[in-house]
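Per this note's numbering, the sequence shown starts with residue 643, numbered consecutively. No residue lacks a Cβ here, since even glycine has one placed at the ideal position from N, Cα and C.
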Amino acid sequence: MARAKTGLFLPVLATAGLVAYFGVDTVVSAVTDAFDGSDPVLLEYDGHRLLVGRDGVTKAKQCSAQVALDTRQCGDVKVVVIDAARMPFIARNIQLAWGDGITSILTRNSAKQPTNRAAACGSFVPKHGGSCDEYAFATTDEGGSGARTEEVPLREQRCQGGAITAGYAKAKIGQGDSFLVVISNPDKVATGPFGGSDVAAERVEQCAL
643 MARAKTGLFL PVLATAGLVA YFGVDTVVSA VTDAFDGSDP VLLEYDGHRL
693 LVGRDGVTKA KQCSAQVALD TRQCGDVKVV VIDAARMPFI ARNIQLAWGD
743 GITSILTRNS AKQPTNRAAA CGSFVPKHGG SCDEYAFATT DEGGSGARTE
793 EVPLREQRCQ GGAITAGYAK AKIGQGDSFL VVISNPDKVA TGPFGGSDVA
843 AERVEQCAL
């Protein structure tokens, strides 16, 4: 058994099939939870690691982690990156949402943002001076009443706004375009809920990734 630093216990997948698919130089390892068919998957390529939702693994297989991070394009899919070093609690909420079966492949629809935000967070009451975070994002068709919500530091919420806006621009994601959400620096995902302390390794306001 291998333990992921996110706090999840994950058995190592048999890598022979993945190596045959990607080639030895590309795939180093992939770990996943074999007991829950919706748990996220940790992929490692040449020392670069990404956490992806299980439904996005086929898309993520189209390129290396470095290509996804550098170009925000992986084969035929556009990519939005959430950096857990800057947003550990938001990354945690996304990871848990994927585990709940919420898709990692979203469709941009910024016109729905106010309605989605109100539906997901309208009655949310922060307990530790933070802010309501929702996944799927409010700027997507998948956001709204079915989103998973969790309290996060207000700084992370501001950082995420800049990251998503910049991510849309960098990947040239227009209205109606689908894209894959991935988490970089997965070892920095918060291991527990927000209790009032901002624990990010990189504390950046309004970050653009």
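Segments of 3+ residues assigned as beta strand (DSSP E) that fall wholly inside the segment 665 to 743:
671 to 673, 683 to 687, 690 to 694 and 719 to 725
What span of residues does the alpha helix (DSSP H) with residue 903 cover, start to end?
Examination of residue 903 is not possible in this model, given that the chain is present from 643 through 851 alone.
Is residue 849 helix, strand or coil by DSSP?
To locate residue 849, count along the sequence shown from 1; it is residue 207. The answer is coil: DSSP assigns residue 849 none of H, G, I, E or B.
From which residue to which residue does the alpha helix (DSSP H) around residue 745 run?
Here residue 745 is taken as the residue at index 103 of the sequence shown, counted from 1. Run containing residue 745: none; DSSP gives neither H nor E here.
Are the segment 693 to 713 and the segment 791 to 800 touching, with three or more C-beta to C-beta distances below 8 Å?
no
Please determine, among 833, 835, 777 and 805, the residue with the shortest C-alpha to C-alpha distance to residue 848.
For the purposes of this step, residue 848 is identified with residue 206 of the sequence shown, where counting begins at 1. When each option's Cα is compared against that of residue 848, the closest is 805.
Segment limits, alpha helix (DSSP H) that includes residue 827:
Locating residue 827 in the sequence shown gives position 185, where the first residue counts as 1. It is not in any alpha helix (DSSP H) - residue 827 carries neither H nor E in the DSSP assignment.
Between the Cα of residue 719 and those of 758, 748 and 772, spot the shortest distance and give me the residue it belongs to.
Reading the sequence shown from its first residue, position 77 is the one you call residue 719. Minimum Cα distance to residue 719 is reached at 748.
Close-in-space but distant-in-sequence residues of the same chain around residue 780 (CB under 6 Å, 5 per side omitted)
In the sequence shown, the residue the question calls residue 780 occupies position 138. Answer for residue 780: 755, 758 and 759, listed in chain order.
Any idea which residues DSSP pairs residue 775 with across the strands?
Sequence index remark: in the sequence shown, residue 775 carries index 133 (1-based). According to DSSP, residue 775 bridges with 792.
When burial is assigned at 16 or more other CB atoms within 10 Å of the CB, is residue 802 buried or exposed?
Residue 802 sits at position 160 when you count from the first residue of the sequence shown. With 16 or more other Cβ atoms within 10 Å, it is buried.
Can you grab the Cα-Cα spacing for the pair residue 829 / residue 707, in whole Å?
Residue mapping note: residue 829 aligns to position 187 of the sequence shown, counting from 1. Residue mapping note: residue 707 aligns to position 65 of the sequence shown, counting from 1. Taking the straight line from one Cα to the other gives about 15 Å.
Would residue 752 and residue 817 qualify as a contact pair, given that the criterion is a beta-carbon distance under 8 Å?
Numbered from its first residue, the sequence shown carries residue 752 at position 110. Numbered from its first residue, the sequence shown carries residue 817 at position 175. Cβ atoms of residue 752 and residue 817: closer than 8 Å.
Use the C-beta contact count for residue 858: other C-beta atoms within 10 angstroms, 16 or more gives buried, fewer gives exposed.
No answer is possible for residue 858: the residues shown for the chain start at 643 and end at 851.
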